[in-house]
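Peer 1: Quick note on numbering: our numbering labels position 23 of the sequence shown as 23, and the sequence is numbered without any gaps.
Submitted below is the structure of interest, expressed as structure tokens.
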Amino acid sequence: MIVTTKVLFDHAYGNYAVGAYNINNLEQIMGLFRGNMDSKAPFIVQLSKGARSYTDKRMLEAMIRTANEIFPDAIFAVHLDHGDEETCYECIDSGFYSSVMIDASAEEFDKNIEITKRVVDAAHAKGVVVEAELGKLGGVEEHVSVDEADAKLTDPRQVEEFVKRSGCDSLACAIGTSHGAYKFTGSQGLHFDVIEEIARLLPGFPMVMHGSSSVPQEEVQRINAAGGKLAGAKGVDEAQISKASKMGVTKVNIDTDGRLVWCRVHRESFIESPEHFDLRPPGKIFMAEYARYIAHKNEVLGSAGQLDAVRKIL
Ligand code: G3H
Ligand code: 13P
Ligand code: ZN
Numbered sequence: 001m002i003v004t005t006k007v008l009f010d011h012a013y014g015n016y017a018v019g020a021y022n023i024n025n026l027e028q029i030m031g032l033f034r035g036n037m038d039s040k041a042p043f044i045v046q047l048s049k050g051a052r053s054y055t056d057k058r059m060l061e062a063m064i065r066t067a068n069e070i071f072p073d074a075i076f077a078v079h080l081d082h083g084d085e086e087t088c089y090e091c092i093d094s095g096f097y098s099s100v101m102i103d104a105s106a107e108e109f110d111k112n113i114e115i116t117k118r119v120v121d122a123a124h125a126k127g128v129v130v131e132a133e134l135g136k137l138g139g140v141e142e143h144v145s146v147d148e149a150d151a152k153l154t155d156p157r158q159v160e161e162f163v164k165r166s167g168c169d170s171l172a173c174a175i176g177t178s179h180g181a182y183k184f185t186g187s188q189g190l191h192f193d194v195i196e197e198i199a200r201l202l203p204g205f206p207m208v209m210h211g212s213s214s215v216p217q218e219e220v221q222r223i224n225a226a227g228g229k230l231a232g233a234k235g236v237d238e239a240q241i242s243k244a245s246k247m248g249v250t251k252v253n254i255d256t257d258g259r260l261v262w263c264r265v266h267r268e269s270f271i272e273s274p275e276h277f278d279l280r281p282p283g284k285i286f287m288a289e290y291a292r293y294i295a296h297k298n299e300v301l302g303s304a305g306q307l308d309a310v311r312k313i314l
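Set out below in structure tokens:
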């Protein structure tokens with residue numbers, strides 16, 4: 001069943017976070033739904049612009065609709081990840097997305113508000129909810145390249161005004177993470193002081209953490225042992241993710257970790273069975289392994305086991 005992120009966040013706030021997982025293809029969709037059913041968790045399927053054009057957005061949307069039939073107990077939101085204004089309108093008008101992200105974080109404060117407000121007005125008129133972004137994450141996003149040096153933590157003093165003037169329903173905050181597999185070079189981590197201050201100024205208002213992959217070191221080692229070159233890859237400590245999930249971070253975005261599972265499974269598969277050329281054996285292993293990863297991550301977020309409670313409030 002497709003619901004808005006608002007319903008999910010209202011239930012989760014302060015107790016747990018909902019996993020928002022990026023998907024691109026059939027195997028990811030099957031693994032994602034299976035993992036959430038196995039761990040009895042509500043979740044968010046998120047589609048980036050790149051994912052929507054990887055094959056054809058209609059293909060991806062049709063697969064999600066079909067997964068909704070195959071897994072009738074699933075409760076999830078369909079969310080546009082890092083949308084520009086035009087893509088937001090397209091998704092709002094499609095009637096399929098229950099949530100969109102307008103990412104105008106590269107703009108100045110007032111311009112970011114202006115763009116976000118336009119999207120919020122269009123979205124709310126159709127019952128769609130909106131995530132906005134304030135502050136700049138490090139790393140590279142699809143349409144915004146941000147140097148580490150230019151990455152800027154969200155300033156809590158700006159948050160109240162931003163939310164009030166833009167009308168957004170949730171806010172992606174820069175709290176020390178970045179996208180991709182190389183988030184930290186040392187012992188850096190989340191800026192809990194920023195999370196705490198935003199929660200104090202806007203009690204009950206959902207924060208979103210982008211760049212939340214934990215880049216499991218076992219995956220990195222296995223990938224490198226199977227011919228990969230991911231030296232120095234490092235992600236967010238899972239204990240820190242669990243802590244943030246109880247402090248008002250209600251949406252935790254994960255893409256890179258899923259790519260690592262895919263990479264490890266396929267590299268190992270081809271090394272172990274060099275005579276194989278069939279796509280189905282590694283595809284089957286990937287679906288099972290991705291499901292296992294999702295179920296584990298939902299335990300970390302605290303969303304595991306929440307499905308029945310969410311169903312009761314719908
Ligand atoms: O934040 C970006 C997500 O990881 C999506 O990545 O634009 O390569 O699909 P993508
Ligand atoms: P990761 O690169 O850490 O998986 O972050 C994904 C993300 O923030 C998608 O919006
Ligand atoms: Zn992101």
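Built from N, CA and C at the ideal position, the CB exists for glycine as well.
Nothing here was measured: the structure is a model prediction, and the numbers come from that model.
Nearest to VAL163 by alpha carbon, out of ILE113, SER269, ALA122, ILE254?
Peer 2: ILE113
Peer 1: Just the C-alpha distance for THR66 and PRO281, rounded to the nearest angstrom, thanks.
Peer 2: 22 Å
Peer 1: Since TYR21 sits in a beta bridge, which residues does DSSP pair it with?
Peer 2: VAL45, ILE254
Peer 1: At which residues does the alpha helix (DSSP H) containing VAL130 begin and terminate?
Peer 2: From DSSP, VAL130 is part of no alpha helix (DSSP H) but of the beta strand (DSSP E) over 129-134.
Peer 1: Would you check whether ligand 3 has a heavy atom nearer than 7 Å to the C-beta of ASP121?
Peer 2: No, since every heavy atom of ligand 3 falls outside the 7 Å radius drawn around the Cβ of ASP121.
Peer 1: Give a yes or no on whether the C-beta atoms belonging to ALA132 and ALA304 are separated by under 8 Å.
Peer 2: no
Peer 1: For SER269 and ARG165, I'd like the C-alpha separation in whole angstroms.
Peer 2: 52 Å
Peer 1: Straight-line CA distance for HIS124 to CYS91?
Peer 2: 13 Å
Peer 1: If you compare alpha carbons, which of TYR16, ILE75, PHE71 is closest to ASP308?
Peer 2: ILE75
Peer 1: To the nearest angstrom, how far is the alpha carbon of PRO156 from that of GLY211?
Peer 2: 19 Å
Peer 1: Classify PHE277 as helix, strand or coil using the three-state DSSP reduction.
Peer 2: coil
Peer 1: Looking only at its own chain, which residues have a Cβ that is under 7 Å from the Cβ of GLU142, when we skip the five neighbours before and after it?
Peer 2: Only weak support exists for where GLU142 lies, its pLDDT of 48 falling under 50; the value from the coordinates is given anyway. Answer for GLU142: SER48, LYS49, GLY50, HIS82, listed in chain order.
Peer 1: Assuming LYS339 contacts ASP169 under a Cβ cut-off of 8 Å, what Cβ separation, rounded to an integer in Å, is found between them?
Peer 2: Here the chain covers residues 1 to 314 and nothing more, so residue 339 does not appear.
Peer 1: Exposed or buried, which one is SER99 when buried takes at least 16 other CB atoms within 10 Å?
Peer 2: buried
Peer 1: Using CA atoms only, rank isn't needed, just tell me which of PHE184, VAL120, GLU299 is closest to LEU137.
Peer 2: Looking only at PHE184, VAL120, GLU299, the smallest Cα-Cα distance to LEU137 is reached by PHE184.
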